[in-house]
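Going by numbering that gives the first Met the number 0, the sequence shown opens with residue 0, and the numbers climb by one from there.
Even for Gly, the Cβ is constructed at its ideal location relative to N, Cα and C.
Below: one structure, written as structure tokens.
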Amino acid sequence: MAAMKLIAGNSNKALAEAIAAHLHVPLCRAVVRRFADEEIWVEVLENVRGQDVFVIQSTSFPANDHLMELLIMIDALRRASARRITAVIPYFGYARQDRKQGPRTPISAKLVSNLITRAGADRVLTVDLHAGQLQGFFDIPTDNLFAAPVMVADIKAHSKLKNVMVVSPDTGGVVRARALAKRIDAPLAIVDKRRERAGESEVMNIIGDVRDHNCILIDDIVDSGGTLCNAAEALLAAGAHSASAYITHGVLSGKAAERISKSKLLELVITDTIKPTPEVEAAHNIRVIPIGHLIGEAIARTAKEESVSSLFD
């Protein structure tokens, strides 16, 4: 196994440090800064020639700045003759733009995938892609880690709830929710959002009997928080005893944290793939759980040419 190097951008230094601590490998010394006109400049301060380098950078808010940091770091490492460059992207921004939404619109997720590949990445490692088929957007090997084991461990360690039911907040997330429900041997319900007529407000229909259950909503991304809060209200109106949520990526844009705090959600649990904002940290019903050990183990297995998928068997 060639020597391993870890290098971090500015998107989530705390997560990068947690990954480094798990691996007992220090972060590579590097400078990632901006000129007066906001152009990004990178300098790697250690020799990486012939080494296996893992670049840790979520492309979260501000998405474009963090994406450019990632691309420029990859380019710098390629020009420094790194043997292999793995882009470790805990949260892959632009993933929701995975298809044409209408005429004359882009598929930005594919464009970003092309940019990362063209910059010089040899592999990609990410967590809970918005859609599994995004792996096919890359022309290089791509490992999509699942946060489910981390969530299941936390549910078992912290939840005193009985009569639990797992709920998908929309029909698109059923596969993800079903997989977690199977792990904790819980029944599954689905929130089906629809508008009966044009111009009418959205109606949330519950598929499954949630009466007297403690419902746990499962999804990959929470952004504005509107869908999640509305789903919690719908579940309680349908007779659920409580509604909480486990979401992998806490984007939580704008006043989302405030919206969650004022909602009927008992608790929102997110991982630290995205650096929590002060508003998120201050929210009384939002809790952040670490995922660095899972990413670190996947990096170790990649470096040793071992199976990553067996982490989820």
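Between the Cα of residue i and the Cα atoms of the options, which residue gives the shortest distance?
i: Ala94; options: Leu128, Gly171 and Thr141; result: Leu128
i: Ile288; options: Gly135, Met3 and Ala17; result: Ala17
i: Val43; options: Glu37, Asp36, Ala35 and Val52; result: Val52
i: Ile285; options: Gly295, Arg300, Ile269 and Lys274; result: Ile269
i: Leu179; options: Glu304, Gly225, Asp219 and Leu5; result: Asp219
i: His21; options: Ile290, Phe311, Leu310 and Ala118; result: Ile290
i: Leu216; options: Ile189, Glu38 and Ala237; result: Ile189
i: Gln56; options: Thr272, Glu280 and Ala299; result: Thr272
i: Leu235; options: Tyr245, Cys214 and Ile246; result: Cys214
i: His283; options: Asp191, Leu267, Lys99 and His292; result: Leu267
i: Asp121; options: Glu280, Val54 and Ala297; result: Val54
i: Met3; options: Ile206, Arg48, Gln96 and Leu187; result: Arg48
i: Asp184; options: Ala242, Val165 and Lys192; result: Val165
Could you round the C-beta distance between residue i and residue j to whole angstroms and report it? I think they count as a contact, below 8 angstroms.
i: Ser223; j: Ala176; result: About 20 angstroms separates the two Cβ atoms, so there is no contact after all.
i: Val31; j: Met72; result: 7 angstroms
i: Thr125; j: Leu144; result: 7 angstroms
i: Gly249; j: Pro275; result: 7 angstroms
i: Thr58; j: Leu69; result: 6 angstroms
Which residue comes first and which comes last in the beta strand (DSSP E) that contains residue i?
i: Ile220; result: Asn213 to Val221
i: Arg83; result: Arg83 to Ile88
i: Leu5; result: Met3 to Ala7
i: Asn143; result: Thr141 to Leu144
Looking at the secondary structure, which residues open and close the alpha helix (DSSP H) in which residue i lies?
i: Val173; result: Val173 to Arg182
i: Ala156; result: Ala147 to His157
i: Ser260; result: Ala255 to Ser260
i: Glu45; result: Premise fails: Glu45 is in no alpha helix (DSSP H) and is neither H nor E.
i: Lys12; result: Lys12 to Leu22
What do you get for residue i, buried or exposed, if any count of 16 or more other CB atoms within 10 angstroms of its CB means buried?
i: Phe136; result: buried
i: Gln50; result: buried
i: Asp142; result: buried
i: Phe311; result: exposed
i: Phe91; result: buried
Practice task
Could I get the ranges of all uninterrupted beta strand (DSSP E) runs contained in the stretch 48-77, with 3 residues as the minimum, in chain order?
Solution key: 51-55
Exercise for the section: For the stretch 230-299, list the alpha helix (DSSP H) runs that are entirely contained and at least 4 residues long, ordered along the chain. Expected result: 255-260 and 277-281
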